[in-house]
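**Q** Mind having a look at this structure? Questions to follow.
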Amino acid sequence: MITRISLAPLTGKTMADSAPISPGRRLREAWARGPIAIPGVFNPLVAKMAERLGFQAVYLSGGALSAGNGVPDIGLLTLTEFTQAAQLTAQATSLPLLCDADTGFGEALNVERTVRMFESAGVAGIHLEDQEMPKRCGHLSGKSVVSAEAMAAKIRAAVAAKTDKDFVVIARTDAKGVYGFDDAVNRAKMYLDAGADGIFPEAMESREEFERFANALPGSVLLANMTEFGKSPNLDVTTLGSMGYRLILFPLTAFRAAMKAAENTLRDLAANGVQTASIPNMQTRAELYDLLGYTGYEQRDRAYFCG
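Position 162 of the sequence shown, counting from 1, maps to 162 under the UniProt record's numbering, and the rest follow consecutively.
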């Protein structure tokens, strides 16, 4: 007699007879229901935590990925490194994952490969930016941007390379800090005409600028970046949603908090030679195992040997 073991999907996805809904479709359905907060997750376990806490989507930030690898966000990591991290994150959660794809890792033909690799990694979509290489953090001065025509070509290449029509391609423009607000708006319109699903205006400097930008692109899917310590004010999801923004990124919020907690813990350990003062601030072993689904792994392992 064969013992059948029920294996729940490790990602939390449900098994059904019909074809599964693609990650891109899930992301589109999420923003269609209303504005959504999208936290940056800097490793797969944080993605699982975000899902448990009720978020509807998660984000892989190029800035967090670079910093976590000990380098600045100036385009040093490769497409392979980005998509490996994306695949591990996408496998850890049933939430749709939006990914930072920098400048597309090359010109228009390179962007074709970029889209195919991110799509194969299981992500919901990417955003591409119109900076020149070497790129800089969007909230720093000294940026430069490619021509609007060159960026539009990348968007057309990205759209043409999709195998899933619902894979999301968002165009980010950094032009506001280089050529001004009106140029950013004009570029956004050109990128939408090229086939972008949405627009990410980087480094707006006031609530009024966010609102003006949204008013200039009525009906468009807009993304707002609520990174800390940058040029933009930190506005809440409800406020941005009322302006017309559908996706609100918090790309490094958890990363920055975790890094500060790690610094404080290591500082205390270095000073006192023992970690006891930090224990109340730690995730317990039981909490970690619960988040990992540790019991389920043990149960399946025993069942396989008893079959």
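Every residue, glycine too, gets a C-beta built ideally from N, C-alpha and C.
Please read these numbers as outputs of a predicted model, since none were measured by experiment.
Please report the distance separating the alpha-carbon of A254 from that of A47.
**A** If you take the alpha carbons of A254 and A47, they lie about 11 angstroms apart.
**Q** Output needed for A86: all residues of its chain with C-beta closer than 8 angstroms, excluding positions within five of it in sequence on either side, in chain order.
**A** Excluding residues within five positions, the ones whose Cβ falls inside 8 angstroms are L60, L97, C99, F118, A121, G122, V123.
**Q** Leaving out five residues before and five after K162 in sequence, what residues of the same chain have Cβ atoms less than 8 angstroms from its Cβ?
**A** V115, E119, V169
**Q** Please identify the residue among T239, A184, L266, A286 whose C-alpha is closest to the C-alpha of A277.
**A** L266
**Q** Can you give the beta carbon distance from A64 to A30, rounded, assuming they're within the 8 angstroms contact cut?
**A** In fact, because the Cβ distance is near 21 angstroms, the residues do not count as touching under 8 angstroms.
**Q** Can you tell me whether F250 is buried or exposed? The criterion is at least 16 other CB atoms within 10 Å of its CB, across all chains shown.
**A** Buried: at least 16 other Cβ atoms inside 10 Å.
**Q** Just the Cα atoms here: how many angstroms apart are S220 and G75?
**A** S220 and G75: Cα-Cα distance of roughly 29 angstroms.
**Q** For R212 and A32, I'd like the C-alpha separation in whole angstroms.
**A** Counting only the Cα atoms, A32 lies some 22 angstroms from R212.
**Q** Less than 8 angstroms between the beta carbons of V145 and D174, yes or no?
**A** yes
**Q** For the alpha helix (DSSP H) that contains T114, what are its first and last residues?
**A** 108-120
**Q** Rounded to whole angstroms, what is the Cα-Cα separation between G180 and I279?
**A** As the crow flies, the alpha-carbon of G180 is around 49 angstroms from that of I279.
**Q** Could you tell me which residues DSSP pairs with T173 in its beta bridges?
**A** P201
**Q** Are the Cβ atoms of I21 and L247 separated by less than 8 angstroms?
**A** No; because the gap between Cβ atoms is not below 8 angstroms, this pair is not in contact.
**Q** Nearest by alpha-carbon distance to D166: which of A148, I126, K154, A153 is it?
**A** The candidate whose alpha carbon is nearest that of D166 is I126.
**Q** Tell me V145's beta-bridge partners as DSSP assigns them.
**A** Q131
**Q** Does the beta-carbon distance from N225 to F200 come in below 8 angstroms?
**A** yes
**Q** Among residues of its own chain, excluding the 5 on either side of A134, which ones have a beta-carbon nearer than 7 angstroms to its beta-carbon?
**A** First, the residue type needs correcting, since residue 134 is Pro and not Ala in the sequence shown. Correct list, in chain order: I74, G75.
**Q** State the start and end residues of the unbroken beta strand (DSSP E) segment that holds V58.
**A** 58-60
**Q** Please report the residue range of the beta strand (DSSP E) in which R246 lies.
**A** 245-250
**Q** So, with DSSP's three-state summary, where would you put A19?
**A** coil
**Q** To the nearest angstrom, how far is it from the Cα of M204 to the Cα of P218?
**A** 17 angstroms
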